[in-house]
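Participant: Handing you this structure, nothing more for now.
In our numbering, the protein residues as written are 671 to 905.
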């Protein structure tokens, strides 16, 4: 997670003062950067995490250092009952909800012949099923004119990677969700959109970047980063 220039807040053309945001999977990587940026813009933030409370607490501390407020709430969004609890607790903390960013996700690589039923369920339970029920609970709890942002991927559409069909399909469903859910949420004037990032340098990126490059097993971390020099940065 990159450092944030607190002086820049006064120059933001659009502030989020008085708004409350919830970010799932916000203890690390893109989710953490999203949570901090929302806080920098003035929103109060619910920082969701599934297992590790330490990183989530650091995100909360950084948001508070920017002059906003935040709390961390544990919930595994692959479990619908925990997603329901997450939203019930979230609206009690700051008295409402205006923005929901569904970021929690898992990555998977494997040739078609190698994918097990257990791996299929693991990936789709978080990336697809989990995001759908986050959106459902968001609709129920968001204030009028709220915002839902789901997490897709560039591999869901135009960028294909060998041995990546399971992950790519789990994200491709998100694009369809967005088109349909935007109509379902129209009665509350809630917008629904998706972000489809490419490679972004996070801890997860360092774990999986080699799987995106041919013959990457023979490359050092520095060489992999050089070959993927256009990767995004969390700042």
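In this text, a Cβ means the ideal position worked out from N, Cα and C, and glycines have one as well.
Quick check on DSSP: helix, strand or coil for residue 777?
Facilitator: coil
Participant: On the criterion of 16 or more Cβ atoms from any shown chain inside 10 Å, does residue 794 qualify as buried, or is it exposed?
Facilitator: buried
Participant: Looking at the strands, I want to know which residues DSSP matches up with residue 771.
Facilitator: In the DSSP output, where bridge partners are listed per residue, residue 771 has 693 and 819.
Participant: Out of 790, 756 and 699, state which residue places its alpha-carbon closest to the alpha-carbon of residue 743.
Facilitator: 756
Participant: Look at residue 691 and residue 708 and say whether their C-beta atoms are less than 9 Å apart.
Facilitator: yes
Participant: Taking three-plus beta-carbon pairs below 8 Å as touching, is the region 838-855 in contact with the region 817-828?
Facilitator: yes
Participant: Could you give the uninterrupted runs of the beta strand (DSSP E) lying entirely in the region 790-870, keeping only those of 3 residues or more?
Facilitator: 817-821 and 861-865
Participant: For the candidate residues 714, 721 and 729, whose alpha-carbon lies nearest to that of residue 700?
Facilitator: Proximity to residue 700 across 714, 721 and 729 peaks at 729, based on C-alpha coordinates.
Participant: Quick check on residue 747: does DSSP put it in helix, strand or coil?
Facilitator: Three-state DSSP puts residue 747 in coil, outside helix and strand.
Participant: Check the DSSP bridge columns for residue 740 and list the partner residues they point to.
Facilitator: 715
Participant: For the putative contact between residue 813 and residue 766, defined by C-beta atoms under 8 Å, what is the C-beta separation to the nearest angstrom?
Facilitator: About 5 Å separates the Cβ atoms of residue 813 and residue 766, confirming a contact at the 8 Å cut-off.
Participant: Which word fits residue 758, buried or exposed, when buried means at least 16 other C-beta atoms lie within 10 angstroms of its C-beta?
Facilitator: By the 10 Å Cβ count, residue 758 comes out exposed.
Participant: Is the Cβ-Cβ distance between residue 697 and residue 720 less than 9 Å?
Facilitator: yes
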